[in-house]
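**Q** Below is the structure I would like to discuss, written out as structure tokens.
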Amino acid sequence: MVSKDFHTLTVAEVVPETDEARSIRFAVPPELADLYRFRAGQHLTMRTFIDGEEVRRNYSLCTAPSDGDLMVTVKQIAGGAFSNWVARELKPGDALDVMPPHGSFTVDFDAAQARHYVGFAGGSGITPIMSLIRTALGTERQSRFTLFYGNRDSNSIIFLEQLAALKDRYLGRFELFHFLSDEEGDVDLLNGMLDRSTCDAAIAAFVPDAAEVDAWFICGPGPMMDAAEAALVERGVAHDRIHIERFTAGRPSAALAAEMAQLQQQASGLQMSVTIDGRTRKVAFDGTNILDSARAGGLPAPFACKAGVCATCRARVTAGEVSMAARYGLTDEEIAAGYVLTCQSVPKGEGVAVDYDA
Ligand code: FES
């Protein structure tokens, strides 16, 4: 069972990465060390209060588990309450509420394997991929990693120097291609955004054996992720080799929104059984979603994005059936095993039971 309780950690260091991005390293006390062990590519849910309002956000870990550092990278975005608060206020010695690491944007690394991994990263989407690169190259001595990394210009490239250092360190095992939209270089292919035609051209030029690649990792702006995924699917890359990490959700279609609204109305007042922290309670569905209904019933159900992306609200359906709108944060295996994102889920009848501890 993965603990989803917040613990207060001390900020050990705030590292400027670019003008807009900074990494936060947390000090983990020995008694919490086991709880905060993570897998490459996972993320942390953090909580603070800004102007009296609770704000929760997920940020990916940029370090490798073997580094011994718990460190996330936060890029400042216009109007972003949490990222601007970090930029303005957060300093070493401050305390922050942090949930133990979670997320499934990863694979099982194995020192005996000789694999080829490829990443498509855009902007701050490099963060979990940085953790995966460090882990893949550090753990699997015969594996290699190819990275396609899109940014505006060279000043906005997060981890520019660390990536160059990894290239030197893992000579012949790490290939790195920077794509810049607002800065022109000598190689035509590398000028411009990672849109569909550039993804196609990059794969054709640098990874002609796309279907043989063991795992593809994609993280960045929505259009870039869609372009990279479509390029891979068209080349016959198996679905289970494509790993996608979304930071934000697109808007649901009008048809889906209407369907969910109808289901919410039909389900209003239904009794559900909710298990969390070893206790099971009955709560009534309040017409929103299972997460908010559980919280309205006084249960400490965990959440962060409430948009179907982060999977913090994941629970297993142990009885009955539910409908789920967005499901970005879950893998096909998790869905097959009965997991749902409760912030996106509505019961389809009486007798639904969900277990947050499963
Ligand atoms: S709270 Fe993020 S997926 Fe539900």
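According to the numbering used here, the stretch in the sequence shown is residues 378 to 735, in order.
Glycine included, each C-beta is placed from N, C-alpha and C at the ideal position.
A quick note: this is a predicted structure, and the numbers were derived from the prediction, not measured.
1) When DSSP labels each residue in this structure, what does S670 get in the three-state scheme?
2) Got a sec? Which residues, its chain only, sit under 8 Å from D734 by beta carbon, not counting five neighbours each side?
3) So within the region 547-581, which uninterrupted alpha helix (DSSP H) runs reach at least 4 residues, ignoring any that extend past its ends?
4) Which two residues bound the contiguous beta strand (DSSP E) that contains V388?
5) Which same chain residues end up closer than 8 Å to G627 when comparing Cβ atoms and leaving out the 5 residues on each side of it in sequence?
6) Less than 8 Å between the CB of C720 and some heavy atom of the ligand FES, yes or no?
7) If I follow the unbroken alpha helix (DSSP H) through T742, where does it start and stop?
8) Is the Cβ-Cβ distance between C687 and A678 less than 9 Å?
9) Return the Cβ separation of V388 and P469 in integer angstroms, given the expectation that the two are a contact with Cβ distance under 8 Å.
10) Is there contact between the region 635-644 and the region 534-546, where contact requires at least three CB pairs shorter than 8 Å?
11) What residues are listed by DSSP as bridge partners for L640?
12) On the CB-based measure, 16 or more other CB atoms within 10 Å of its CB, does S367 come out buried or exposed?
13) In angstroms with no decimal places, state the Cα-to-Cα distance between R511 and V392.
14) DSSP on V610, reduced to helix/strand/coil?
15) Can you name, in chain order, every residue of its own chain whose Cβ lies under 7 Å from the Cβ of E606, other than the five neighbours on each side?
16) Verify whether the separation of the beta carbon atoms of S761 and G499 is less than 9 Å.
17) Using the beta-carbon count (16 or more within 10 Å), is G418 buried or exposed?
18) For T504, which of K452, E589, A542, A458 has the nearest alpha-carbon?
19) Find out if the Cβ-Cβ distance for the pair Y345, D586 is shorter than 9 Å.
20) Using only the alpha-carbon positions, how far apart do G569 and D563 sit?
21) Do you know whose CA, among G480, A579, V449, A489, lies nearest L473's CA?
22) Would the C-beta of V694 count as close to the ligand FES, meaning under 8 Å from any of its heavy atoms?
23) Just to check, is the beta-carbon of V686 closer than 8 Å to a non-hydrogen atom of the ligand FES?
**A** Looking at the atomic coordinates:
1) The count along the sequence shown starts at 1 and reaches residue 670 at position 293. DSSP, reduced to helix, strand and coil, places S670 within a helical segment of the structure shown.
2) Here residue 734 corresponds to residue number 357 of the sequence shown, with the count starting at 1. So the qualifying residues of the chain are M378, T652, I653, D654, G655.
3) Here no run is fully enclosed.
4) Against the sequence shown, residue 388 aligns to sequence position 11. For V388, the enclosing beta strand (DSSP E) has its first and last residue at 384-393.
5) As a position in the sequence shown, residue 627 is number 250, starting the count at 1. So the list reads G599, once near-sequence residues are dropped.
6) Mapped onto the sequence shown, residue 720 falls at position 343. Yes.
7) Residue 742 falls outside the range modelled here, since the chain spans only 378 to 735, and no answer is possible.
8) Within the sequence shown, residue 687 is the residue found at index 310, counting from 1. Within the sequence shown, residue 678 is the residue found at index 301, counting from 1. At the C-beta level, C687 and A678 stay beyond 9 Å of one another.
9) Along the sequence shown, read from residue 1 onward, the residue named residue 388 stands at position 11. Along the sequence shown, read from residue 1 onward, the residue named residue 469 stands at position 92. Taking a contact as a CB-CB distance under 8 Å, the pair V388 and P469 counts as one, their CB atoms being some 5 Å apart.
10) Touching, no.
11) Your numbering for residue 640 matches position 263 in the sequence shown. Per DSSP, none; premise fails for L640.
12) For the chain, the structure presents residues 378 to 735; residue 367 sits outside this window and is missing.
13) Position 134 of the sequence shown, counted from the first residue, corresponds to residue 511. Position 15 of the sequence shown, counted from the first residue, corresponds to residue 392. Approximately 18 Å, taken between the alpha carbons.
14) Numbered from its first residue, the sequence shown carries residue 610 at position 233. Correct three-state label for V610: helix.
15) Numbered from its first residue, the sequence shown carries residue 606 at position 229. Here the set comprises I595, I619, I621.
16) Nothing can be reported for residue 761: it is not among the residues displayed for the chain, which extend from 378 to 735.
17) The residue labelled residue 418 in the question sits at position 41 within the sequence shown. Buried, because 16 or more other Cβ atoms sit within 10 Å of the Cβ of G418.
18) Working through the sequence shown from its first residue, we reach residue 504 at position 127. When K452, E589, A542, A458 are compared, the shortest CA-CA separation from T504 is found for K452.
19) Because the chain spans 378 through 735 in this model, residue 345 falls outside it and cannot be assessed.
20) Reading the sequence shown from its first residue, position 192 is the one you call residue 569. Reading the sequence shown from its first residue, position 186 is the one you call residue 563. Each residue's alpha carbon lies about 12 Å from the other.
21) Against the sequence shown, residue 473 aligns to sequence position 96. Among G480, A579, V449, A489, the Cα nearest to that of L473 belongs to V449.
22) Translated into the one-based positions of the sequence shown, residue 694 becomes position 317. V694: no, Cβ never under 8 Å from the ligand FES.
23) Indexing the sequence shown from 1 puts residue 686 at position 309. Yes.
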